[in-house]
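J.: The numbers in UniProt numbering rise by one with no breaks, and the one at position 299 of the sequence shown is 299.
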Amino acid sequence: MTPAARLSAAMDVLDRVAAGGNAEQALTQWARASRFAGSGDRAAVRDLVFTALRRRHSHAALGGGESGRALILGALREAGTDPAALFTGEAHAPAPLSAQETAHLARPVALEGTVALDCPDWLAPQLQASLGADFAPVMQALRDRAPVYLRVNTARGDRAAAQASLAAEGIATRPAPLAETALEVTGNERRIRNAQAYRDGLVELQDAASQALVAALPVRPGQRVLDYCAGGGGKVLALAARARQQLFAHDADPGRMRDLPARAARAGTEVQLLTGPEAAARGPYDLVLLDVPCSGSGAWRRAPEAKWRLTPERLRDLQEIQSEVLDKTMSYVAPGGCLAYATCSVIEAENGARIKAFLAAHPDWRCSFQRRFTPLEGGDGFYLALLTRR
Ligand SMILES: C[S@@+](CC[C@H](N)C(=O)[O-])C[C@H]1O[C@@H](n2cnc3c(N)ncnc32)[C@H](O)[C@@H]1O
1 MTPAARLSAA MDVLDRVAAG GNAEQALTQW ARASRFAGSG DRAAVRDLVF TALRRRHSHA
61 ALGGGESGRA LILGALREAG TDPAALFTGE AHAPAPLSAQ ETAHLARPVA LEGTVALDCP
121 DWLAPQLQAS LGADFAPVMQ ALRDRAPVYL RVNTARGDRA AAQASLAAEG IATRPAPLAE
181 TALEVTGNER RIRNAQAYRD GLVELQDAAS QALVAALPVR PGQRVLDYCA GGGGKVLALA
241 ARARQQLFAH DADPGRMRDL PARAARAGTE VQLLTGPEAA ARGPYDLVLL DVPCSGSGAW
301 RRAPEAKWRL TPERLRDLQE IQSEVLDKTM SYVAPGGCLA YATCSVIEAE NGARIKAFLA
361 AHPDWRCSFQ RRFTPLEGGD GFYLALLTRR
């Protein structure tokens, strides 16, 4: 594909996302319908789409609108590329610029405040209050692509062995300071899923802060652990590598745990999947991990459309769900056990405020540890609170 044809494809995908589609699915649909697109084309279109979504506010201002075409015009303008040479209308290139577009592109645009930071306007005060002096740097960081991190499965080998195995297949990595198990991929990341170390379960794809969060959980061999919001199981598998435990996983949407048994087998461990009633009946557990549904604000680099889809109503609903999950599962914790509350959000209302509300309603509980991670440390934004009975 020519560079101009890649722009047309990205515009098309962005329009599908604007109509309510999910970016990953829209890209997959486009790739299936575009057999002529090689892996380089798919990667380039993906980059264009994700950058435009991360920077939708500023690109819309620069490009003169929120359509896929305007966002791509904004991206070219930000990069200092003259669109006229690409927007020729020839073959699969975008149609030539209209008079209105030409006029907009000629007008100076000063990017300021929430537009320059690509921050949703309504959420800026809350984010500012949550992050303080880190607000602008964090929002800036969320405008860029996230690093790719691997978790070394220490049940299979150490970090040096994983690095050596990956290097033998041309995949460059370096240790990431956030967690002892974390490697940052610095070259040839597209080869990971075919690499021997990945197929053998020596490494898994997992954000470094997510690994650091799991490293902070109180884990002892032989204990019973319930991952109550297990999703794909990233955290429960990271827990499995730390010590031999009896592991149980539940999710309100069991379909999300579909790949968990196969992933567990690849990692050399076993996780029992439980329905809601089973999760209640099989307790108590020494550790109950609640990786609750949240705004995902700490992970907006990876799922940037979520940044613009979040609404005040949805944020309120999420807080209700978060408190409900805490209230429901506190009785699942064994005496002396721990209830671990986690989000991938940097919004205080989903983090410390939920814990404060929980402790106010349940004075027999206390918070023994809390930690917030932001993208300024390299990984995604996360929050962890450890709760124990007094
Ligand atoms: C942040 S994701 C979990 C990610 C996962 N722990 C990981 O590390 O890959 C939150 C999960 O909570 C699930 N969920 C939503 N509401 C729930 C509820 N009331 N009870 C249990 N799980 C819920 C969602 O289906 C989603 O899979």
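Cβ coordinates follow ideal geometry from the N, Cα and C atoms, glycine included.
1. Can you list, in chain order, the residues of its chain whose CB lies under 8 angstroms from that of residue 61, leaving out five sequence neighbours each side?
2. Give the DSSP-derived three-state secondary structure of residue 246 in the structure shown.
3. Would you mind sorting residue 120 into buried or exposed? The rule is 16 or more other CB atoms within 10 Å of its CB.
4. So if DSSP puts residue 182 in a beta bridge, which residue, or which two residues, is it bridged to?
5. What do you reckon, is the C-beta of residue 425 under 7 angstroms from a heavy atom of ligand 1?
6. Suppose you measure from the CA of residue 342 to the CA of residue 71; what does that come to, to the nearest Å?
7. If residue 182 and residue 223 are in contact, beta carbons under 8 angstroms, what's the gap, nearest whole angstrom?
8. For residue 235, count neighbouring Cβ atoms within 10 angstroms of its own Cβ and tell me buried if that reaches 16, exposed if not.
9. If you measure from each residue's Cβ to the nearest non-hydrogen atom of ligand 1, which ones come out under 5 angstroms, in chain order?
10. Would you be able to state if there are at least three C-beta pairs under 8 angstroms between the stretch 146-162 and the stretch 188-200?
11. Could you have a look at residue 217 and say whether DSSP puts it in helix, strand or coil?
12. Going by DSSP, what residue range makes up the alpha helix (DSSP H) through residue 129?
13. So if DSSP puts residue 383 in a beta bridge, which residue, or which two residues, is it bridged to?
14. Please return the same chain residues whose Cβ sits closer than 8 angstroms to the Cβ of residue 178, not counting the five positions on each side in sequence.
15. Measure how close the beta-carbons of residue 349 and residue 386 come, nearest whole angstrom, since I'm counting them as under 8 angstroms.
16. Mind reading off the beta-carbon distance from residue 271 to residue 233? Whole number of angstroms is fine, and I expect it under 8 angstroms.
17. Ignore the nearest five residues each way along the sequence and tell me which others in residue 408's own chain have a CB closer than 6 angstroms to its CB.
18. Between the stretch 305-316 and the stretch 357-371, can you find at least three pairs of beta-carbon atoms closer than 8 angstroms?
19. Over what stretch of residues does the alpha helix (DSSP H) that includes residue 17 continue unbroken?
20. Express the C-alpha separation of residue 78 and residue 241 in angstroms, rounding to a whole number.
21. Quick check on this structure: which residue in 64, 352, 26, 56 has the alpha carbon closest to the alpha carbon of residue 99?
22. Answer with buried or exposed for residue 26, where buried requires no fewer than 16 other C-beta atoms within 10 angstroms of its C-beta.
23. Mapping the DSSP letters down to three states, classify residue 332 as helix, strand or coil.
24. With DSSP as the reference, identify every bridge partner of residue 391, one or two as the case may be.
25. In chain order, what residues of the same chain have a beta carbon less than 7 angstroms from the beta carbon of residue 126, not counting five sequence neighbours either side?
26. How is residue 325 classed by DSSP in three states: helix, strand or coil?
T.: To lay it out plainly:
1. Result list for residue 61: 74, 109, 111, 115, in chain order.
2. Strand.
3. Residue 120 is classed as buried because its beta carbon has at least 16 other beta carbons within 10 Å across all chains shown.
4. Secondary-structure assignment with DSSP links residue 182 through a beta bridge to 151.
5. Since the first residue shown for the chain is 1 and the last is 390, residue 425 is missing from the structure and cannot be characterised.
6. Whole-angstrom Cα-Cα distance: 34 angstroms.
7. Separation of the CB atoms of residue 182 and residue 223 is rounded to 24 angstroms, and the pair is thereby denied contact status at 8 angstroms.
8. Result: buried.
9. That query returns the following residues: 229, 231, 232, 234, 235, 251, 252, 253, 256, 291, 293.
10. Proximity of the stretch 188-200 to the stretch 146-162 meets the contact definition, three or more beta-carbon pairs being nearer than 8 angstroms.
11. Three-state DSSP puts residue 217 in coil, outside helix and strand.
12. It spans 124-131 - the alpha helix (DSSP H) in which residue 129 sits, taken as one unbroken run.
13. Looking at the DSSP output, residue 383 shares a beta bridge with 343, 372.
14. Excluding residues within five positions, the ones whose Cβ falls inside 8 angstroms are 208, 209, 211, 212, 373, 377, 378, 379.
15. By a beta-carbon distance limit of 8 angstroms, residue 349 does not contact residue 386. Their separation comes to about 20 angstroms.
16. Sure, about 7 angstroms apart at Cβ, within 8 angstroms.
17. No information on residue 408 is available, as it lies outside the stretch 1 to 390 that the chain covers here.
18. Contact fails: fewer than three Cβ-Cβ distances are below 8 angstroms.
19. Element bounds for residue 17: 3-18.
20. Their Cα atoms are separated by approximately 44 angstroms.
21. Nearest of 64, 352, 26, 56 to residue 99, Cα basis: 64.
22. Buried, because 16 or more other Cβ atoms sit within 10 Å of the Cβ of residue 26.
23. Secondary structure of residue 332 (DSSP, three-state): helix.
24. There is simply no residue 391 to check, as the chain begins at 1 and stops at 390 in what is shown.
25. So the list reads 347, 349, once near-sequence residues are dropped.
26. For residue 325, the secondary structure class from DSSP, reduced to helix, strand or coil, is helix.
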